[in-house]
Each structure stands twice: as structure tokens, then as C-alpha cells.
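Visitor: Numbering (the working numbering), first residue to last: 18 to 439.
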């Protein structure tokens with residue numbers, strides 16, 4: 018093992034600990050997903066301000082597809098958008114976006130909201146309107162893990178978790194078993210939530226057969242509503258070569274993000290029946306999500322759903338290319354399940370965290386050594402992956418990247434595999 022990695026492994030555990038908002042996070046307990054400690058130490062400004070920063074090396078950011086920049090077409094549309102007061106339902110650009118989205122989803126109506134978290138919250142609160150209602154979600158669902166328990170905070174909704182399978186779905190029998198009987202001791206099951214593609218499970222795509230089976234089982238067992246967290250629903254549709262409306266055929270509501278792979282700067286869409294969206298509009302206002310001349314933002318959303326969906330296939334191809342290249346390295350310290358790469362997310366397993374942790378791996382990726390410059394020639398790069406858990410690092414292909422960027426990442430990982438193995 019080379020000196021670069023030996024220095025990493027010799028670092029005392031305390032060096033990973035820092036004070037953040039009067040709380041202490043250690044390496045084992047830090048919020049890897051968007052963790053402040055990692056960003057403070059290895060963020061973009063930290064790289065640029067480093068004494069050893071090489072301005073000739075590329076910076077390749079693969080932490081997420083949320084870092085995508087709006088396209089020139091989007092910026093032009095935003096600047097020239099015809100707008101009005103959306104709270105009064107007078108913004109023509111927003112109305113156009115909402116109608117177009119409803120058509121694509123096969124729903125009666127849709128609503129523009131500031132974020133996917135708000136979209137999911139609105140949907141669950143509508144479906145679980147009575148106090149004491151319960152929603153069934155996977156134990157790795159974004160709604161459960163990364164939305165601050167908002168459905169309980171703001172709606173008094175009880176969350177019932179069932180185990181997610183590695184493919185992002187769950188056993189049908191678990192859904193049936195989790196459905197409450199009409200017993201005075203129990204909350205009432207009001208909704209089931211799916212997620213497609215599944216974030217924590219590595220961008221896995223729920224199959225059409227699973228969606229059909231689970232929605233039928235849910236309705237046959239008396240679950241009144243089914244919500245889809247479709248933050249990356251268009252990635253799922255592209256992967257399955259199916260329309261979004263087909264994926265949502267038996268779904269009652271959906272929340273879909275515009276600012277991930279579709280590159281809009283902000284915003285999500287919630288869709289459902291006319292009655293659902295009427296209630297959603299009221300809740301959006303109560304939650305502070307009603308905006309005025311928001312057509313300037315919605316204009317980018319229109320470009321996103323009209324022009325950016327088909328190109329997601331390119332992200333998927335590049336993700337598979339990266340995954341296969343990592344597998345071909347046959348490095349025992351970082352590996353990928355190529356068959357598990359369904360969309361634009363690549364989960365890199367670090368099976369020996371006693372030798373190399375995700376944080377150490379990512380720290381090395383955002384540095385460029387002299388030996389690396391010589392070995393990689395003109396392909397040296399500062400690469401940003403996301404430490405996702407104690408044993409997993411995430412890389413997300415997105416529209417900011419070029420083919421050359423992917424090759425730079427592969428060249429760097431090839432060099433690192435030799436460096437760490439010697």
C-alpha cells in the first residue's frame with residue numbers, strides 16, 4: 018500500500034470529528050448523505066483553496082444529479098417566460114407545465130411545488146387526512162429516512178415500515194401483513210408508498226410486474242390509496258422503455274422531481290385526481306409553498322419534461338460503463354454489482370472498511386498526486402463521490418458530465434486500484 022493511503026489509514030479517529038451546530042458527529046455516526054463534515058473538509062472550495070491545487074486537472078462531481086446546471090435553453094426560457102400570480106392561478110407558464118405533466122403522468126391534474134419533500138408530504142397528508150392514520154413505507158424509503166419524519170411532525174401520521182428488498186420493492190406478503198385490521202387498538206391503514214427509482218437501493222427500477230402485483234394486492238386488501246415517490250420516475254420510465262403514465266396506471270398520486278437528472282434549477286410536480294390536487298393546492302399554501310411569479314422557474318420545468326427525458330438513457334449508459342470498468346479492475350478494495358446498476362446511480366462497495374472507509378476513499382479521490390499526474394497524463398482529475406454509508410460510496414452520472422469526464426474517473430480509479438494494492 019502506498020504512502021498516500023498509509024497516511025490516510027494512520028489518521029486518528031478524532032480527526033474525523035468536528036463540532037457542527039453544537040452537536041458532535043463521528044465518522045461512524047456522521048450524516049453521510051449530505052454530511053456537513055465531509056463537505057466542510059472536502060468541498061469544492063476546500064479543493065480550490067488547497068496549496069497543491071492543480072488548475073489543469075478536471076473537477077468531476079458525481080455526488081448526485083441534483084448538482085446539474087440548467088441548460089442554455091432553460092435559462093433563455095426562464096428569462097423570457099410569461100408570468101402571473103400563481104397563487105391566484107394566473108401564471109400561464111405554470112398552468113402549461115401542470116397540464117403537460119398531468120398528461121404525461123396519465124393523471125387528471127398536477128401541481129407545481131418547490132420540492133419533492135413537500136410533494137411527498139402533501140400527498141401523504143391528503144391520503145392520511147384523519148388523525149391516527151397510518152402509511153406503509155419501505156424501511157429504506159426516502160420518505161422514511163430523509164424527510165425528517167415530516168408526515169408525523171406536521172400531520173400526526175403514523176409510519177409503518179416493511180423491509181425493502183435489494184431491488185427497491187418488498188414482499189407482497191409483507192404489505193398484506195402490515196395492513197391493519199379494523200381493531201380499536203390499531204391505527205387505520207390509509208396509504209402505501211412506493212419509490213421508483215429507489216434512491217437508497219442504488220437507483221433500482223421497480224418492474225412493471227411488481228408495480229401491477231403490489232397495487233392489486235394493496236387494493237384487494239383495502240388500502241385506500243397508493244402514492245409513488247417518483248423523484249426519478251422518468252429515469253424509471255426510460256429504463257423500462259415505458260411511458261410514465263404506464264408506470265403510474267394504478268397509482269393514486271405521484272411526486273416527481275424536475276431538478277435532478279432533468280436539470281431544472283428547482284421544483285417538483287405532484288399529480289393525482291382533480292379532487293386530490295384541489296386539496297394539494299390548499300396544503301401547499303399552508304406549508305408556505307405558494308409562490309407568485311413562479312413561471313420563471315416553471316419555464317425551466319417545461320423544458321425539462323419536454324426535452325430532457327430521453328437523454329436520461331445517456332446517463333444510464335455511462336453509469337453502466339463506469340460500473341463495468343470498476344468491475345474489470347478486479348480491485349478487492351472497491352467493487353460494483355454491475356447487474357444492480359439500473360439507472361444513473363452506481364453504488365461502490367468497500368468490503369474492507371478496516372482497510373479503507375468510504376470517507377478515506379473519497380478523500381483520496383479529491384486529491385491529485387504527482388505520480389497520478391504522470392500515470393494519467395492529461396486525464397488527472399479531482400473526483401467527487403458521496404460517502405453513503407459505512408461501507409458504500411455513491412457515484413451519480415448526470416448531465417454536467419462528458420464522455421471525457423467518465424474516462425477521467427475510470428483512469429483515476431485504475432491508478433488508485435494499483436496504488437492501494439501495492
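Backbone N, C-alpha and C define an ideal beta-carbon position, used for all residues, glycine too.
Along the chain, where does the alpha helix (DSSP H) that runs through residue 393 open and close?
Guide: Translated into positions along the chain shown, residue 393 becomes position 376. It spans 387 to 393 - the alpha helix (DSSP H) in which residue 393 sits, taken as one unbroken run.
Visitor: Note down, in chain order, each residue of its chain lying with its Cβ closer than 6 Å to the Cβ of residue 362, except the 5 sequence neighbours on either side.
Guide: Working through the chain shown from its first residue, we reach residue 362 at position 345. Once the five neighbours on either side are set aside, the close Cβ partners of residue 362 are 219, 220, 413.
Visitor: Just how far apart, CA to CA, sit residue 155 and residue 180?
Guide: What you label residue 155 is simply residue 138 of the chain shown in a count that begins at 1. What you label residue 180 is simply residue 163 of the chain shown in a count that begins at 1. Computed Cα separation, rounded: 6 Å.
Visitor: Based on DSSP bridge pairs, tell me the residues matched to residue 129.
Guide: On the chain shown, residue 129 is found 112 positions in, with the first residue counted as 1. Bridge partners of residue 129: 286.
Visitor: Shortest alpha-carbon distance to residue 287 belongs to which of 316, 143, 430?
Guide: Here the question's residue 287 lines up with position 270 in the chain shown. Measuring from the Cα of residue 287, the nearest candidate turns out to be 143.
Visitor: Determine contact between the stretch 355 to 372 and the stretch 136 to 150, defined as no fewer than three beta-carbon pairs at a distance below 8 Å.
Guide: Because the criterion of three Cβ pairs below 8 Å is not met, the stretch 355 to 372 and the stretch 136 to 150 do not touch.
Visitor: Where residue 212 and residue 394 are concerned, what is the direct C-alpha to C-alpha distance, given to the nearest angstrom?
Guide: In the chain shown, residue 212 corresponds to position 195, counting from 1. In the chain shown, residue 394 corresponds to position 377, counting from 1. In a straight line, the C-alpha of residue 212 is about 42 Å away from that of residue 394.
Visitor: Using 8 Å as the cut-off, can you tell me whether the stretch 176 to 193 makes contact with the stretch 234 to 251, which would need three or more C-beta pairs spanning the two stretches below that distance?
Guide: The stretch 176 to 193, when compared against the stretch 234 to 251, does touch it at the 8 Å Cβ threshold.
Visitor: Which residue comes first and which comes last in the alpha helix (DSSP H) that contains residue 364?
Guide: Start at 1 with the first residue of the chain shown, and residue 364 comes out as number 347. Residue 364 -> not in any alpha helix (DSSP H); beta strand (DSSP E) instead, spanning 362 to 366.
Visitor: Any contact of the stretch 101 to 119 with the stretch 163 to 183, i.e. 3+ C-beta pairs under 8 Å?
Guide: The answer is no - the stretch 163 to 183 does not touch the stretch 101 to 119, with fewer than three Cβ pairs under 8 Å.
Visitor: Could you compute how far the alpha carbon of residue 255 sits from the alpha carbon of residue 201?
Guide: The residue labelled residue 255 in the question sits at position 238 within the chain shown. The residue labelled residue 201 in the question sits at position 184 within the chain shown. Answer to the nearest angstrom: the Cα atoms are 45 Å apart.
Visitor: Nearest-angstrom Cα distance between residue 43 and residue 125?
Guide: Position 26 of the chain shown, counting from 1, holds the residue named residue 43. Position 108 of the chain shown, counting from 1, holds the residue named residue 125. The pLDDT assigned to residue 43 is 35, lower than 50, so where the model puts this residue is not dependable, and the model offers no usable value.
Visitor: With a threshold of 7 Å on Cβ separation, who are the neighbours of residue 83 within its own chain once the five nearest residues in sequence on each side are excluded?
Guide: The sequence position of residue 83 within the chain shown is 66, counting from 1. Closer than 7 Å at the Cβ level, and outside the excluded window around residue 83, lie 276, 277.
Visitor: Is residue 349 helix, strand or coil by DSSP?
Guide: Here the question's residue 349 lines up with position 332 in the chain shown. It is coil, neither helix nor strand.
Visitor: Report yes or no: do three or more beta-carbon pairs, one from the stretch 360 to 380 and one from the stretch 329 to 338, lie closer than 8 Å?
Guide: With a cut-off of 8 Å, the stretch 329 to 338 and the stretch 360 to 380 count as touching, because enough Cβ pairs lie within range.
Visitor: Given that a residue counts as buried once 16 or more other Cβ atoms are within 10 Å of its Cβ, and exposed if not, what is residue 387?
Guide: For the purposes of this step, residue 387 is identified with residue 370 of the chain shown, where counting begins at 1. By the neighbour-count rule (16 or more Cβ atoms within 10 Å), residue 387 is not buried but exposed.
Visitor: Assess, as a yes-or-no matter, whether the stretch 398 to 411 is touched by the stretch 290 to 300 under the definition of 3 or more beta carbon pairs within less than 8 Å.
Guide: Verdict: no, contact absent.
Visitor: Put residue 103 into one of helix, strand or coil per three-state DSSP.
Guide: If you number the chain shown from 1, residue 103 lands on position 86. Correct three-state label for residue 103: helix.
Visitor: Going by the DSSP bridge assignment, what does residue 78 pair with across the sheet?
Guide: Taking the first residue of the chain shown as 1, we reach residue 78 at position 61. Bridge partners of residue 78: 401.
Visitor: Mind checking which residues open and close the alpha helix (DSSP H) that includes residue 270?
Guide: Taking the chain shown and counting its residues from 1, one reaches residue 270 at position 253. It is not in any alpha helix (DSSP H) - residue 270 instead sits in the beta strand (DSSP E) that spans 270 to 274.
Visitor: With residue 242 and residue 269 assumed to form a contact (beta carbons below 8 Å), what rounded beta-carbon distance in angstroms separates them?
Guide: In the chain shown, residue 242 corresponds to position 225, counting from 1. In the chain shown, residue 269 corresponds to position 252, counting from 1. Rounded, the Cβ-Cβ distance is 5 Å, consistent with contact.
Visitor: Among residues of its own chain, excluding the 5 on either side of residue 422, which ones have a beta-carbon nearer than 8 Å to its beta-carbon?
Guide: Within the chain shown, residue 422 is the residue found at index 405, counting from 1. Once the five neighbours on either side are set aside, the close Cβ partners of residue 422 are 75, 77, 398.
Visitor: Based on the DSSP secondary-structure assignment, which residues constitute the bridge partners of residue 438?
Guide: Numbered from its first residue, the chain shown carries residue 438 at position 421. Residue 438 pairs with nothing; no bridge assigned.
Visitor: Rounded to a whole number of angstroms, what is the C-alpha to C-alpha distance between residue 106 and residue 258?
Guide: Within the chain shown, the letter at position 89 stands for residue 106. Within the chain shown, the letter at position 241 stands for residue 258. For residue 106 and residue 258, the distance between alpha carbons rounds to 35 Å.
Visitor: Please name the residue in 122, 121, 129, 120 whose C-alpha comes closest to that of residue 109.
Guide: Counting from one through the chain shown, the residue named residue 109 turns up at place 92. Ranking the options by Cα distance to residue 109, first place goes to 129.
Visitor: CB residue 102 to CB residue 309, shorter than 8 Å?
Guide: Residue 102 sits at position 85 when you count from the first residue of the chain shown. Residue 309 sits at position 292 when you count from the first residue of the chain shown. It is a contact, given that the beta carbons lie within the stated cut-off.
Visitor: Where residue 315 and residue 390 are concerned, what is the direct C-alpha to C-alpha distance, given to the nearest angstrom?
Guide: By one-based count along the chain shown, residue 315 stands at place 298. By one-based count along the chain shown, residue 390 stands at place 373. Roughly 43 Å between the two C-alpha positions.
Visitor: How many angstroms separate the CA atom of residue 261 from the CA atom of residue 385?
Guide: Reading the chain shown from its first residue, position 244 is the one you call residue 261. Reading the chain shown from its first residue, position 368 is the one you call residue 385. If you take the alpha carbons of residue 261 and residue 385, they lie about 42 Å apart.
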